[in-house]
Ligand code: FES
Ligand SMILES: [Fe+2]
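Residue numbers (my numbering): 53 to 409.
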């Protein structure tokens, strides 16, 4: 048996709303955004209602009542964690089943289709709520340092930008733009050529490693004359399809490890939310230094977004013949390969199948 789309040809482009993205994990919101009061969040061109029940459970559902499609995010949650629609007062339990229809006479049964439309999977990790609308075809991203008590975590404010999740992922993996886009923050003007780096693929994830020179303007040892401004650092990129990236930076001269996460949520065809956090083991627990680090990262992202938000066409080519690639684009070529596999591994529930024989 083969999927019909494979017979007709493999997808050439990925946009923010490709149907395969329903089989990916996406960050819906930060954990601390959830309270008893239902709130709406956009994902893949649809609105989802989310709230936290009194028992601490995170509930997510399509923000449409099955009765007359009123927005459930305008409703309320009671002390048992049931969600009440604001329009005709139907109530739904934490499993999404309708349990009360006030307008029905006593004894009338509740229709089985009086059910919330729930995502296939929900997980909370690193202070974020991840959802997969259909059975996930790629794993959740991992951040090993999150379990290490020597690291402190700082969350950037959630950023919303015009853009394409695939292109923002591409930009996060790209190192050739550092001297041009980031000269005001960390780009070392002398380091233009991209050094060789190794890419290790594992199913719908990969890891890429290399070392480079950079201007360490954050190192107090530079001001004290202990170390030169130009220093070496090792970069380890970890990518998990479709749009989860982490960068681990080991400072080989100044010491310490920084981890930056970049989880991209496609809201609609032209808008993406960026969830970024930092893990640092070199700040001696200082909240002020973490705030400075967050401000620095925000300045870096702002430099990137000047270009990323201005693309005329918001599509990522998956066919490697559509763009010009060089050896320096090793990681971003791998991104396209993994995403092409992700897209073609996805089997929509209603896919027409035909026999190979
Ligand atoms: S629309 Fe929700 S109860 Fe009628
Ligand atoms: Fe950048």
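A virtual CB, placed ideally from N, CA and C, is assigned to each residue, including glycine.
Residue nearest to residue i in terms of C-alpha spacing, selected from the options
i	options	result
residue 133	65, 300, 149 and 114	149
residue 210	374, 66, 82 and 306	82
residue 222	398, 316, 69 and 89	316
residue 257	333, 294, 343 and 324	294
residue 106	386, 87 and 115	87
residue 120	160, 165, 400 and 94	165
residue 171	136, 159, 146 and 203	146
residue 264	283, 277, 272 and 278	283
residue 124	131, 130 and 137	137
residue 330	100, 66 and 178	178
residue 311	385, 252, 286 and 379	286
residue 481	280, 253, 116 and 195	Residue 481 is absent from the structure shown; the chain starts at 53 and stops at 409.
residue 289	387, 377, 259 and 250	259
residue 364	244, 322 and 110	322
Those residues which DSSP pairs with residue i across a bridge
i	result
residue 332	204 and 310
residue 250	261
residue 318	324
residue 292	257 and 296
residue 412	There is simply no residue 412 to check, as the chain begins at 53 and stops at 409 in what is shown.
residue 212	325
residue 266	283
Through-space distance from residue j to residue i, alpha-carbon basis
i	j	result
residue 239	residue 227	10 angstroms
residue 247	residue 97	39 angstroms
residue 234	residue 352	7 angstroms
residue 346	residue 217	21 angstroms
residue 64	residue 343	42 angstroms
residue 313	residue 300	9 angstroms
residue 103	residue 141	17 angstroms
residue 393	residue 292	12 angstroms
residue 368	residue 163	44 angstroms
residue 113	residue 269	46 angstroms
residue 127	residue 325	25 angstroms
residue 108	residue 356	37 angstroms
residue 72	residue 385	20 angstroms
residue 318	residue 68	5 angstroms
8 angstroms contact criterion, which residue i and residue j should meet: CB distance rounded
i	j	result
residue 212	residue 361	In fact, because the Cβ distance is near 10 angstroms, the residues do not count as touching under 8 angstroms.
residue 186	residue 75	5 angstroms
residue 92	residue 101	6 angstroms
Checklist entry - Residue ranges of each beta strand (DSSP E) run of no fewer than 3 residues wholly in the segment 124-196, ordered along the chain? => result 150-152, 173-177 and 180-184
Item to check | alpha helix (DSSP H) segments (min. 4 residues) lying fully within the segment 323-394 | outcome: 339-360
Checklist entry - Which runs of the beta strand (DSSP E) spanning at least 3 residues fall entirely within the segment 68-113, listed in chain order? => result 77-82, 91-95 and 98-104
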